[in-house]
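Student: Top to bottom, those sequences are chains L and Y.
If you read the first sequence in this note's numbering, its first letter stands for residue 239, the second for the next number, and so on.
If you read the second sequence in this note's numbering, its first letter stands for residue 697, the second for the next number, and so on.
Take a look at the following structure, please.
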Amino acid sequence: MSTVTTPVTRSSEARPASPDSAWSRWANQHRRWLFAAPAMAFVAVLIIFPVAWTGYLSLTDAEGSVRAESEFIGFQNYLDVLSDTDRFWPAAWRTTLFTGVVLLFEVVLGMAIALLLWRPFRGEKWVRVAILLPLVATPVAVGMMWRLIFDPNIGMANQLLSWVGIGPQPWLSGQSSALPTTMFIDIWQWTPMVVLILLAGLTSLSDEPQEAALIDGASTWQRFRHVTLPLLMPTVIVAILLRGIDALKTFDILYATKGRGGGSFHEVETLNVYAYGLSFDYNDYGVSSTVLIIFFLIIIGVMWALTYRKKGLDR
Amino acid sequence: MKPSRPFKVFRAVALVVVVASLIAPLLWMIAASLKTNVDIYDTSKAFVFSPTLDNYSTVLERANYVQFIGNSLWVAFAATVLSLILGVPAAYSMSRFNMRKSALVVLMARVIPGVSLLVPWYYVFSNLQMVGGFTVLILSHMFVSLPLIVYIMMGYFDGLPTELEEAALVDGLTHIGAFRRITLPLSVPGIATAGILSFIFSWNNFMFALVLSGADTKTLPVAIFDFVGYASIDWGGLMAAATVVTVPIMVIALFVQKYIVSGLTAGATKG
Numbered sequence: 239m240s241t242v243t244t245p246v247t248r249s250s251e252a253r254p255a256s257p258d259s260a261w262s263r264w265a266n267q268h269r270r271w272l273f274a275a276p277a278m279a280f281v282a283v284l285i286i287f288p289v290a291w292t293g294y295l296s297l298t299d300a301e302g303s304v305r306a307e308s309e310f311i312g313f314q315n316y317l318d319v320l321s322d323t324d325r326f327w328p329a330a331w332r333t334t335l336f337t338g339v340v341l342l343f344e345v346v347l348g349m350a351i352a353l354l355l356w357r358p359f360r361g362e363k364w365v366r367v368a369i370l371l372p373l374v375a376t377p378v379a380v381g382m383m384w385r386l387i388f389d390p391n392i393g394m395a396n397q398l399l400s401w402v403g404i405g406p407q408p409w410l411s412g413q414s415s416a417l418p419t420t421m422f423i424d425i426w427q428w429t430p431m432v433v434l435i436l437l438a439g440l441t442s443l444s445d446e447p448q449e450a451a452l453i454d455g456a457s458t459w460q461r462f463r464h465v466t467l468p469l470l471m472p473t474v475i476v477a478i479l480l481r482g483i484d485a486l487k488t489f490d491i492l493y494a495t496k497g498r499g500g501g502s503f504h505e506v507e508t509l510n511v512y513a514y515g516l517s518f519d520y521n522d523y524g525v526s527s528t529v530l531i532i533f534f535l536i537i538i539g540v541m542w543a544l545t546y547r548k549k550g551l552d553r
Numbered sequence: 697m698k699p700s701r702p703f704k705v706f707r708a709v710a711l712v713v714v715v716a717s718l719i720a721p722l723l724w725m726i727a728a729s730l731k732t733n734v735d736i737y738d739t740s741k742a743f744v745f746s747p748t749l750d751n752y753s754t755v756l757e758r759a760n761y762v763q764f765i766g767n768s769l770w771v772a773f774a775a776t777v778l779s780l781i782l783g784v785p786a787a788y789s790m791s792r793f794n795m796r797k798s799a800l801v802v803l804m805a806r807v808i809p810g811v812s813l814l815v816p817w818y819y820v821f822s823n824l825q826m827v828g829g830f831t832v833l834i835l836s837h838m839f840v841s842l843p844l845i846v847y848i849m850m851g852y853f854d855g856l857p858t859e860l861e862e863a864a865l866v867d868g869l870t871h872i873g874a875f876r877r878i879t880l881p882l883s884v885p886g887i888a889t890a891g892i893l894s895f896i897f898s899w900n901n902f903m904f905a906l907v908l909s910g911a912d913t914k915t916l917p918v919a920i921f922d923f924v925g926y927a928s929i930d931w932g933g934l935m936a937a938a939t940v941v942t943v944p945i946m947v948i949a950l951f952v953q954k955y956i957v958s959g960l961t962a963g964a965t966k967g
């Protein structure tokens, strides 16, 4: 019997082990870097190098044309920017306010909607479709859509208010109402994202802690507060992290609704909009690079604080 | 656990409110795109109006939108394919060899404000006479696509068992052969997820094209602004343009819903 099986194994071994050339052996040995190198090269050339250049530009007085000569002026731009209470600090404040408010609403609303969707029900599929639509819509188009709805004269928003006896509001065209209105638009578009993330987290939780709490006589609120929420906390932090980064960098809906410079009175000018304006409306590359570096450091700081918090929770 | 009856009623009411507030604005946009500007300004014709396709003929014929649709498709497609070619093997390497530091460098791109790249890019590419061309536009969109693809695919490869690859090695395949003939075919769902999301993000991207595109290479999100004048806005045309940009992507999203959700929530539950 054993003599019969021998040729069988032989035949499978006899299959040529791919081209056994020196190149193939080298490639297989170094595949780790071979696979990663093209992507890393792309990142180095198109991302790391430009960021480093932005850092350099922030130390120069570069402005006007991209071909103009520029001079090294040390940290002068940083001193100028950090003492600029006219544009920089208001923009920094608006960025903080915008991010804080939209995150608060998106997480609270997102949690509420995710909890509603948690247990299966009839028509679930249609609700999920509705939740997906704002998410995939082009932000600029979403901005335009709300611009019509919030138009003070012909918009549906004031029409609705008039039916319940409230007078017309200026919405996007009001100096103090513009920023809250853009926050509303952001919340409309991105709460669904938080819902999806939290829902993924909820469905991955096991039922046992819930059932144990139920047997112990915990109320619905107690079960949420002391069982579901602590278990879900790492996912909540991921949602805050992902949304927070994008909220800090919001540009499209602000530009679509208020145009350049965040409106004629800079009502919705955040750091990102300010930096864009400095670069491409005023061609003030040195100062804009300074604003960007400061902005970048703020983002990294927030991210670091959040991931630090998350690691604490994971442990 | 069975939900109680009062909860079910509450849930039904609450979800109807949620769905209505998500859908109504979109329907309003589509409705306005089917109205004449006179009807848009007449609030008594908010719901009852005679629909017209005039705005769409303006958008597609006079405003050159057919070309811009082509531009958007081409840029999103090319950026996605190139990012997949670079990103999938990189994600594989980073996942299998635990190259977390390299991964962090690629993922940092998600954090960097796009404007900080635009200034140096603009410097370099305008000196090379490339601003306004497709190459620059595609490269800039890869800045969004590549980190997204690496992020999603790393998670996917982390969850893919290594046993099949090991079996293939025993059968005489090389490491690269095993990746090509075993791992890649198994990764098709992950690649689809990453590719679809990358396409959507690139289609929706506005800021890069705003600076780097020319009159002939304009993408749809930038072209929308053609309907916003300094003095007045052509609301009908604007809403038709907004519909042309958003509705196709929404229709696609309905068919590939599963992939979009798994991509958007990738990494959310791993801790």
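The beta-carbon is built from N, C-alpha and C at its ideal position, and this holds for glycine as well.
Taking CB distances under 8 angstroms as the criterion, tell me whether residue 852 of chain Y reaches chain L.
Tutor: Taking Cβ atoms only, chain L never reaches closer than 8 angstroms to residue 852 of chain Y, which makes this a no.
Student: Would residue 451 of chain L and residue 465 of chain L qualify as a contact pair, given that the criterion is a beta-carbon distance under 8 angstroms?
Tutor: Cβ atoms of residue 451 of chain L and residue 465 of chain L: closer than 8 angstroms.
Student: Give every residue of the same chain whose Cβ lies closer than 7 angstroms to the Cβ of residue 431 of chain L, excluding the five residues on either side of it in the sequence, and list them in chain order.
Tutor: Excluding positions up to five away in sequence, the list reads 373, 481.
Student: Using a Cβ-Cβ distance under 8 angstroms, would residue 815 of chain Y count as near chain C?
Tutor: In the structure shown, chain C cannot be found, because the protein chains are L and Y.
Student: Should residue 385 of chain L be labelled buried (16 or more other beta-carbon atoms within 10 Å of its own) or exposed?
Tutor: With 16 or more other Cβ atoms within 10 Å, it is buried.
Student: Of all the residues that make up the region 326-339 of chain L, which are near chain Y by a beta-carbon distance shorter than 7 angstroms?
Tutor: Against chain Y - using a Cβ distance shorter than 7 angstroms - the region 326-339 of chain L contributes no residues.
Student: Just checking: is the beta-carbon of residue 789 of chain Y within a distance shorter than 8 angstroms of some beta-carbon in chain L?
Tutor: It does: the Cβ of residue 789 of chain Y has a partner Cβ on chain L nearer than 8 angstroms.
Student: Got a sec: is the Cβ-Cβ distance from residue 967 of chain Y to anything in chain L below 8 angstroms?
Tutor: Reliability fails at residue 967 of chain Y, whose pLDDT of 41 lies under 50, so the model's placement of it is uncertain and the value that follows must be treated cautiously. It does; some Cβ of chain L falls within 8 angstroms.
Student: Quick one: using the 10 Å Cβ neighbour count with 16 as the cut-off for buried, is residue 302 of chain L buried or exposed?
Tutor: Residue 302 of chain L comes out exposed.
Student: Do residue 912 of chain Y and residue 923 of chain Y have their CB atoms nearer than 8 angstroms?
Tutor: Contact: no.
Student: Establish whether the CB of residue 536 of chain L and some CB of chain Y are separated by less than 8 angstroms.
Tutor: Closer than 8 angstroms: no.
Student: Out of L:361, L:335, L:526, which has the shortest C-alpha to C-alpha gap to residue 517 of chain L?
Tutor: Nearest C-alpha to residue 517 of chain L: L:526.
Student: Quick one: using the 10 Å Cβ neighbour count with 16 as the cut-off for buried, is residue 767 of chain Y buried or exposed?
Tutor: Under this definition residue 767 of chain Y is a buried residue.
Student: Just to confirm my understanding: we take residue 311 of chain L, look at its own chain, exclude 5 residues before and 5 after, and list those with CB closer than 8 angstroms. What are they?
Tutor: Excluding residues within five positions, the ones whose Cβ falls inside 8 angstroms are 297, 298, 299, 524.
Student: From this set, Y:854, Y:736, Y:842, Y:811, which residue's C-alpha is nearest residue 790 of chain Y's C-alpha?
Tutor: Among Y:854, Y:736, Y:842, Y:811, the Cα nearest to that of residue 790 of chain Y belongs to Y:854.
Student: Would you grab the beta carbon distance between residue 276 of chain L and residue 782 of chain Y for me? Rounded to a whole angstrom, and I think it's under 8 angstroms.
Tutor: Residue 276 of chain L to residue 782 of chain Y, Cβ: 5 angstroms. Contact.
Student: Along chain L, in chain order, which residues have C-beta atoms closer than 7 angstroms to that of residue 837 of chain Y?
Tutor: Those do not exist, as residue 837 of chain Y stays about 11 angstroms from chain L at its closest Cβ, beyond 7 angstroms.
Student: Candidates Y:703, Y:870, Y:916: which alpha carbon is nearest residue 943 of chain Y's?
Tutor: Selected option, being the one with the closest Cα: Y:916.
Student: Using C-beta distances below 7 angstroms, list every residue in its chain close to residue 874 of chain Y, excluding the 5 sequence neighbours before and after it, in chain order.
Tutor: Here the set comprises 861, 864, 865.
Student: Which residues in chain Y have a C-beta closer than 8 angstroms to the C-beta of residue 519 of chain L? List them in chain order.
Tutor: Result: empty, since nearest Cβ-Cβ is about 11 angstroms, beyond 8 angstroms.
Student: Please name the residues in the region 494-521 of chain L whose beta-carbon is closer than 7 angstroms to at least one beta-carbon of chain Y, in chain order.
Tutor: The region 494-521 of chain L vs chain Y, Cβ under 7 angstroms: 510, 513, 514, 517, 518.
Student: Can you tell me where the alpha helix (DSSP H) holding residue 763 of chain Y begins and where it ends?
Tutor: Residues 761-792.
Student: Can you tell me which of L:411, L:379, L:403 puts its alpha carbon nearest to the alpha carbon of residue 391 of chain L?
Tutor: Of the listed residues, the one whose Cα sits closest to residue 391 of chain L is L:411.
Student: Which residue from L:542, L:313, L:376, L:361 puts its Cα closest to that of residue 424 of chain L?
Tutor: The option with the nearest alpha carbon to residue 424 of chain L is L:376.
Student: Counting only beta-carbon separations shorter than 8 angstroms, does residue 245 of chain L have a partner in chain Y?
Tutor: Low confidence applies here, because residue 245 of chain L scores a pLDDT of 41, under 50, leaving its location unreliable; read the following figure in that light. No, its Cβ sits nowhere closer than 8 angstroms to a Cβ of chain Y.
Student: According to DSSP, simplified to helix, strand and coil, what is residue 828 of chain Y?
Tutor: Looking at residue 828 of chain Y - three-state DSSP - the assignment turns out to be strand.
Student: Indicate the three-state DSSP secondary structure (helix, strand or coil) for residue 711 of chain Y in the structure shown.
Tutor: Residue state, collapsed to three classes: helix.
Student: 8 angstroms is my cut-off, CB to CB: does residue 963 of chain Y come that close to chain L?
Tutor: Taking Cβ atoms only, chain L reaches closer than 8 angstroms to residue 963 of chain Y, which makes this a yes.
Student: Please report the Cβ distance between residue 508 of chain L and residue 528 of chain L, rounded to the nearest whole angstrom; I am assuming they are in contact, meaning their Cβ atoms lie under 8 angstroms.
Tutor: Wrong, their Cβ atoms sit about 16 angstroms apart, outside the cutoff.
Student: Name, please, each residue of chain L whose Cβ falls closer than 7 angstroms to the Cβ of residue 950 of chain Y.
Tutor: Residues of chain L passing the Cβ test: 367.
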